[in-house]
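Undergrad: Numbering (my numbering), first residue to last: 1429 to 1921.
By construction, the Cβ of each residue, glycine as well, lies at the ideal position given by its N, Cα and C atoms.
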């Protein structure tokens, strides 16, 4: 009997239900913010948004009520945090797909869920074939899902939960399980608040700058939302290809900022420039962008009749878009010389900085991987020497190195298995490579028939569900989801 009680209380069910209810409730409230655009443009999608919002808010409220009746301890343990994050993103994507289903923009549940999880995971892969024909309210919801997912609605909950008497440290750890970003304040609530203020502030600044370039308010705010989320959903069918050079440069700047650790963005607001440049990961991040842009720009300039400025602008735009996992498109990089296209494909495995809204492996993991590999060569010559891996001039714990190695190994294994599964479903090899790489890295466009001028609509439904799962894995950095499938997670001890 005692063992039964222990197993029954293994998870804090009441607390999990209460937090899930809060997340779903917030999701529904965000849906209602799309209504002004729907009414203004008169596209008739207001009813779908209203119905979806009401169902979502009501469902969230009922789940919260169940959590209250169930009773709970005001403490989030690690296992509870992993359940909340993994289940939270999955369930939010289900409710987030309701506006698409009710408006008949995506009558298929598969397509609606794919578009929604692509939004929340900030991947930007789409099944819409004519974006400009979609109702403006629904299109704003599409952009808003990326903005919500960018910083993570979980972090928003961390800022809110302390007011409800619930601490959020374990939840934050589950949301960012890799190399932890520096805390701006000792209390996690203050960290979450400041990160959101920076996030919202940069979104507002970008909106204004895009409008000064001739973009109307609707398109400007949509692109600002999806830029800062490194999501890449656009309100135009050709993404950024027909935008003016000024607007493209604005997008480049803010994509770089979105792919930068938000702690460093906070330092930028505080004009602490030395703290930014002395950050080792930022220097590598900037170096990769500059070197890759120069290499591709040179190839494009010599192999096409484009001007020097246009060649390097397209190269810079696509390099920044891919490395930050934003996914905007200003040119068809699959039509460039094979060398340039190969660099773009390699960049799909880089990712932005840790603590940013970018997906992918992250620059810091690559730095630690290469440093550890180099040190292993030294250890072969001096086997008794103790040579630690250093990052930002500080020795890092051996456990972090093991975590990085395990992450990259798991990433490559999942990438390989994903390609095999896609191929088994009848998808050609190049498309399988591109679809799996871009979904796992949360990038958007890939190669093959899911390249920058194509979309994912033609893929089999089974392939879309597989890619949806890969998007979730990539957004939560693998381990948060993978750990749930291990027997250790479900054991009592």
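Per DSSP, what kind of secondary structure is residue 1777 in: helix, strand or coil?
TA: Coil at residue 1777, not helix or strand.
Undergrad: Nearest to residue 1774 by alpha carbon, out of 1731, 1495, 1732, 1875?
TA: The shortest C-alpha separation from residue 1774 is found at 1875.
Undergrad: Do residue 1514 and residue 1912 have their beta-carbon atoms positioned less than 7 Å apart in this structure?
TA: Yes, they are a contact pair.
Undergrad: If you reduce the DSSP assignment to three classes, tell me which class residue 1609 lands in.
TA: For residue 1609, the predicted model reports a pLDDT of 47, less than 50, meaning its position is unreliable; a value from the coordinates is still stated below. Residue state, collapsed to three classes: coil.
Undergrad: Identify every residue that forms a DSSP beta bridge with residue 1467.
TA: None; residue 1467 has no bridge partner.
Undergrad: How long is the line joining the alpha carbons of residue 1541 and residue 1555, rounded to whole angstroms?
TA: The straight-line gap from Cα to Cα measures roughly 10 Å.
Undergrad: Check this for me: beta carbons of residue 1452 and residue 1523, under 7 Å apart or not?
TA: Closer than 7 Å, so yes.
Undergrad: How many whole angstroms separate the CB atoms of residue 1871 and residue 1787, which I take to be in contact at a CB cut-off of 8 Å?
TA: Contact holds; Cβ gap of about 7 Å.
Undergrad: In this structure, does DSSP put residue 1798 in helix, strand or coil?
TA: The answer is helix: DSSP assigns residue 1798 an H, G or I state.
Undergrad: List in chain order: all unbroken alpha helix (DSSP H) runs of 4+ residues lying wholly within the region 1882–1908.
TA: Within the region 1882–1908, the complete alpha helix (DSSP H) runs of at least 4 residues are 1889–1903.
Undergrad: In chain order, what are the residue ranges of uninterrupted alpha helix (DSSP H) at least 4 long that sit wholly in the region 1849–1879?
TA: Correct list: 1857–1868.
Undergrad: Suppose only complete runs of 4+ residues qualify. What are the alpha helix (DSSP H) ranges in the region 1497–1556, listed by chain order?
TA: Listed in chain order, they are 1506–1524, 1526–1531, 1537–1548.
Undergrad: Only counting the same chain, and skipping five residues up and downstream in sequence, which positions put a Cβ closer than 7 Å to that of residue 1750?
TA: If we look at residue 1750 and ignore the five residues flanking it on each side, its Cβ neighbours are 1772, 1775, 1776, 1871.
Undergrad: So, for residue 1783: in the same chain, excluding its five sequence neighbours on each side, which residues have a beta-carbon less than 7 Å away from its beta-carbon?
TA: Result list for residue 1783: 1609, 1689, 1690, 1691, in chain order.
Undergrad: Which runs of the alpha helix (DSSP H) at least 4 residues long sit entirely within the region 1668–1722? Give them in chain order.
TA: With a minimum length of 4 residues, the continuous alpha helix (DSSP H) runs that stay inside the region 1668–1722 are 1673–1686, 1690–1697, 1701–1705.
Undergrad: Excluding the five sequence neighbours on either side, which residues of its own chain have a C-beta within less than 6 Å of the C-beta of residue 1820, listed in chain order?
TA: Excluding sequence neighbours, residue 1820 sits near 1708.
Undergrad: At a cut of 8 Å, does the region 1763–1771 reach the region 1813–1833 through at least three beta carbon pairs?
TA: Judged by Cβ distances under 8 Å, the region 1763–1771 makes no contact with the region 1813–1833, as fewer than three pairs qualify.
Undergrad: Span of the alpha helix (DSSP H) holding residue 1734?
TA: Unbroken run through residue 1734: none, as it is neither H nor E.
Undergrad: Does DSSP classify residue 1432 as helix, strand or coil?
TA: At residue 1432 the pLDDT is 40, less than 50, meaning the model places this residue with poor confidence; the figure from the coordinates comes in the next sentence. Note: residue 1432 maps to helix in three-state DSSP.
Undergrad: So, with DSSP's three-state summary, where would you put residue 1661?
TA: Residue 1661: coil per DSSP, three-state reduction.
Undergrad: Where do the ends of the alpha helix (DSSP H) carrying residue 1756 lie?
TA: It is not in any alpha helix (DSSP H) - residue 1756 carries neither H nor E in the DSSP assignment.
Undergrad: Starting from residue 1823, follow its DSSP beta bridges and name the residues at the other end.
TA: DSSP, once it has assigned bridges, lists 1818 as partnering residue 1823.
Undergrad: Does the distance from the C-beta atom of residue 1861 to that of residue 1890 stay below 7 Å?
TA: Taking 7 Å as the Cβ cut-off, residue 1861 and residue 1890 do not qualify as a contacting pair.
Undergrad: Determine, using beta-carbon pairs with one atom in the region 1471–1478 and one in the region 1561–1575, whether at least three such pairs fall under 8 Å.
TA: Flag = yes, the region 1471–1478 and the region 1561–1575 touch.
Undergrad: What's the C-alpha gap between residue 1650 and residue 1568?
TA: Roughly 6 Å separates the two Cα atoms.
Undergrad: Measuring straight from C-alpha to C-alpha, what distance separates residue 1576 and residue 1657?
TA: Approximately 8 Å, taken between the alpha carbons.
Undergrad: Taking the alpha helix (DSSP H) that residue 1650 falls in, what are its first and last residues?
TA: First-last of the alpha helix (DSSP H) with residue 1650: 1645–1656.
Undergrad: Using a C-beta cutoff of 7 Å, does residue 1487 count as contacting chain C?
TA: As a matter of chain content, chain C is missing from the structure shown, which is built from one protein chain.
Undergrad: How should residue 1484 be labelled, buried or exposed, when 16 other C-beta atoms within 10 angstroms of its C-beta is the threshold for buried?
TA: The residue in question, residue 1484, is buried, as its Cβ has 16 or more Cβ neighbours within 10 Å.
Undergrad: Using CA atoms only, rank isn't needed, just tell me which of 1454, 1663, 1873 is closest to residue 1760.
TA: Ranking 1454, 1663, 1873 by Cα distance to residue 1760 puts 1873 first.
Undergrad: With a threshold of 7 Å on Cβ separation, who are the neighbours of residue 1605 within its own chain once the five nearest residues in sequence on each side are excluded?
TA: Its pLDDT being 43, under 50, residue 1605 is placed unreliably by the model, and nothing is read from it.
Undergrad: Can you tell me which of the three DSSP states residue 1785 falls into?
TA: In this structure, residue 1785 counts as coil in the three-state DSSP scheme.
Undergrad: Taking the beta carbon of residue 1903 as the centre, do at least 16 other beta carbons fall within 10 Å, making it buried, or is it exposed?
TA: By the neighbour-count rule (16 or more Cβ atoms within 10 Å), residue 1903 is buried.
Undergrad: Does the beta carbon of residue 1499 fall short of 6 Å from some heavy atom of the ligand NAP?
TA: Among the components modelled here there is no ligand, and therefore nothing to report on the ligand NAP.
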